[in-house]
Amino acid sequence: MGLNLATHTRRNENLAVAVCAALSIGLLALPSADRIRVAGVLGTVLTGPYDRFAAFVADVGRVRRDNASLRAEVAALNVDRGAAERLRRERDELRQALGLLDAAPADLVPCEVQRRRVAASASLILVRSVEAVAWERYQPVITVEGLVGRVHTPAGPSAAWVELLNSPGVGVSCQLVRTGLPGILHPREGDEFDLALVGRDEDVEIGDRVVTSDVGLLQGEAAVPQDALPRGLPVGVVVAVESPPEQLFKEIRVKSLASFSRLDVVFAVVGRGDWLTTIGARPDSAAAGAASPDTAFPDTAAAGVRP
Amino acid sequence: MNRFLRTTALLGLLALLGDTLLAPLLTFGHIGPDFSLIAVAILALAEGAFAGTVGGFVLGLVIDTASPDRLGLSSLSKSLAGFAAGRARARFNFGIPAVEGTTVAILALGHDALHLLVLSWTGRGAFLEPLFTAALPSALYTGLVAIPLIRAADLLGLLNRDD
Numbered sequence: 001m002g003l004n005l006a007t008h009t010r011r012n013e014n015l016a017v018a019v020c021a022a023l024s025i026g027l028l029a030l031p032s033a034d035r036i037r038v039a040g041v042l043g044t045v046l047t048g049p050y051d052r053f054a055a056f057v058a059d060v061g062r063v064r065r066d067n068a069s070l071r072a073e074v075a076a077l078n079v080d081r082g083a084a085e086r087l088r089r090e091r092d093e094l095r096q097a098l099g100l101l102d103a104a105p106a107d108l109v110p111c112e113v114q115r116r117r118v119a120a121s122a123s124l125i126l127v128r129s130v131e132a133v134a135w136e137r138y139q140p141v142i143t144v145e146g147l148v149g150r151v152h153t154p155a156g157p158s159a160a161w162v163e164l165l166n167s168p169g170v171g172v173s174c175q176l177v178r179t180g181l182p183g184i185l186h187p188r189e190g191d192e193f194d195l196a197l198v199g200r201d202e203d204v205e206i207g208d209r210v211v212t213s214d215v216g217l218l219q220g221e222a223a224v225p226q227d228a229l230p231r232g233l234p235v236g237v238v239v240a241v242e243s244p245p246e247q248l249f250k251e252i253r254v255k256s257l258a259s260f261s262r263l264d265v266v267f268a269v270v271g272r273g274d275w276l277t278t279i280g281a282r283p284d285s286a287a288a289g290a291a292s293p294d295t296a297f298p299d300t301a302a303a304g305v306r307p
Numbered sequence: 001m002n003r004f005l006r007t008t009a010l011l012g013l014l015a016l017l018g019d020t021l022l023a024p025l026l027t028f029g030h031i032g033p034d035f036s037l038i039a040v041a042i043l044a045l046a047e048g049a050f051a052g053t054v055g056g057f058v059l060g061l062v063i064d065t066a067s068p069d070r071l072g073l074s075s076l077s078k079s080l081a082g083f084a085a086g087r088a089r090a091r092f093n094f095g096i097p098a099v100e101g102t103t104v105a106i107l108a109l110g111h112d113a114l115h116l117l118v119l120s121w122t123g124r125g126a127f128l129e130p131l132f133t134a135a136l137p138s139a140l141y142t143g144l145v146a147i148p149l150i151r152a153a154d155l156l157g158l159l160n161r162d163d
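Protein chains in written order, with the numbering used here: chain A, 1 to 307; chain B, 1 to 163.
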């Protein structure tokens, strides 16, 4: 037994056309607002599945096109990465020959920011990594933009409290990329910092980039705790410079590259890395040739860089 | 699967794909084939006046949802076209392309004439001028496009009825 509308009598056919015509005329006679409402309901029932299917097919086509484009982009990036790796190897070999290479490369361990604690004494975030990390005090924590803080207290193999750079009382040894001038970065307000201990006659310009420095500086009686920060981590940009006549030092305002208000994912820097660090062993005099690293790089030697 | 359901599904697909994918490619100005009307005509020729009427009504409603200001107009014209094609089925000579094309062309002309009549009656358009400049060429075009589709339906066994 099956549905078969072909065996209907003429009476049924006449009835069908009368009902269909009456319904159609009834729909035509509806007020405009009601017609639109009824059409919306009918559209949802009658054409909704087809519209959704058509949209799905269009989406599949778009995804395929996007995938093809992304595959081409990945291939191009792989070529670029290969070239960058070669250049990096060459640079490392040259740095090693000069005794400037950090032997242990740094790794970035992605961490999710889970909690935030803001107090008068410190601004801390609790970060949780995807893998166990050998946490160390003052281990740098960065975002894609730049430095955001340093490890304050480990809270397990894959979690640690991180003290943010804008936490009151934090002082980070930094230097200006353009001139190599060292200074101490102190939080000011929000994402802005003061770069202290830069002489009033020094060359500092707005737009100068500020990076971390491993140069030991003394502030008052206590050494600034910056032992774990490798040199060269991006920190911020100079946005204002003043030289008050009654002061020995410039007033330099720095805006951080990283935003402290939007921290979702950060990276713990494991190992010293090669951010311009200079902990590598000094080469033998025979291997290094006639020139020593100090004479080859007088600026870094003068700044107190450890060879 | 029930033959009626299979035929209806196939012709519904023809109407949807034809009107959404093929018609835009085959339309010149205001003149283009009406695939949903061809589907209704084939359904009526295959399954009779009752199926043609109900199928035309449902297909017309689907089309009407795209233009709410004319809700009911396509369902009325297509159900009447399906009824007429179903009634003509008894006297229909299958296998003669000219007859098949002419039948669909007449159905299309009547269908479009009803559209224009209702629109002009409600003050939303003229009647005579579009009847000759758009409806008549479109009806002939629809009849021409219908010939291979009816032949295909016949080859698929949709039109071979014993009753």
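All C-beta atoms in this analysis are idealised placements derived from N, C-alpha and C, irrespective of residue type, glycine included.
- Residue state for HIS152 (chain A) is assigned as strand, using DSSP reduced to three classes.
- For THR103 (chain B), the secondary structure class from DSSP, reduced to helix, strand or coil, is helix.
- Within the region 159–245 of chain A, the runs of beta strand (DSSP E) that reach at least 3 residues and sit entirely inside it are, in chain order, 159–164, 172–176, 182–189, 192–196, 209–212, 234–242.
- Assigned with DSSP and collapsed to three states, GLN247 (chain A) falls in coil, not helix or strand.
- Take ASP194 (chain A), set aside five residues on each side of it, and the residues of its chain with a beta-carbon closer than 6 Å to its own are HIS186, ARG188, in chain order.
- Taking 8 Å as the cut-off, the Cβ atoms of LEU156 (chain B) and LEU42 (chain A) do not count as close.
- In terms of beta-carbon proximity, ARG52 (chain A) stays away from the interface with chain B, with every pair separated by 8 Å or more.
- Inclusion of LEU164 (chain A) and VAL172 (chain A) in the CB contact set at 8 Å is not warranted, their separation being larger than that value.
- DSSP places ASP92 (chain A) in no beta strand (DSSP E) but in the uninterrupted alpha helix (DSSP H) bounded by 48–97.
- Within the region 119–135 of chain B, contact with chain A at the beta-carbon level (separation under 7 Å) is assigned to no residue.
- The secondary-structure analysis by DSSP pairs GLU112 (chain A) across a beta bridge with A:ARG128, A:VAL265.
- Residues of chain B with a Cβ closer than 7 Å to the Cβ of VAL38 (chain A) are, in chain order, LEU71.
- In the three-state scheme derived from DSSP, where H, G and I count as helix and E and B as strand, PHE127 (chain B) is classed as coil.
- At a C-beta separation below 7 Å, GLY43 (chain A) has these neighbours in chain B: THR65.
- Under DSSP, no beta-bridge partner is assigned to PHE35 (chain B).
- The beta-carbon of SER79 (chain B) is placed less than 8 Å from the nearest beta-carbon of chain A.
- Going by C-alpha positions, PHE249 (chain A) is about 5 Å away from VAL198 (chain A).
- Residue burial is scored here from C-beta neighbours: ILE206 (chain A) has fewer than 16 other C-beta atoms within 10 angstroms and is therefore classed as exposed.
- Residue pairing by DSSP puts PHE28 (chain B) in a beta bridge opposite B:ILE31.
- As the crow flies, the alpha-carbon of PHE260 (chain A) is around 20 Å from that of GLY232 (chain A).
- Relative to LEU128 (chain B), the option among B:ALA113, B:THR122, B:THR142 whose CA is nearest is B:ALA113.
- Shown here, SER67 (chain B) sits in coil according to DSSP, grouped into three states, outside any helix or strand.
- Just measuring C-alpha positions, the residue of B:ASP69, B:GLU100, B:ALA90 sitting nearest LEU28 (chain A) is B:ASP69.
- Nearest Cα to ARG117 (chain A) within the set A:ALA268, A:LEU263, A:VAL270: A:LEU263.
- A distance below 8 Å separates the beta carbons of GLY72 (chain B) and SER24 (chain A).
- Neighbours of ASN12 (chain A) across chain B, judged by C-beta separation under 8 Å: PHE50.
- Just measuring C-alpha positions, the residue of A:GLN175, A:ALA68, A:ALA39, A:VAL113 sitting nearest VAL235 (chain A) is A:GLN175.
- Secondary structure of LEU147 (chain A) (DSSP, three-state): strand.
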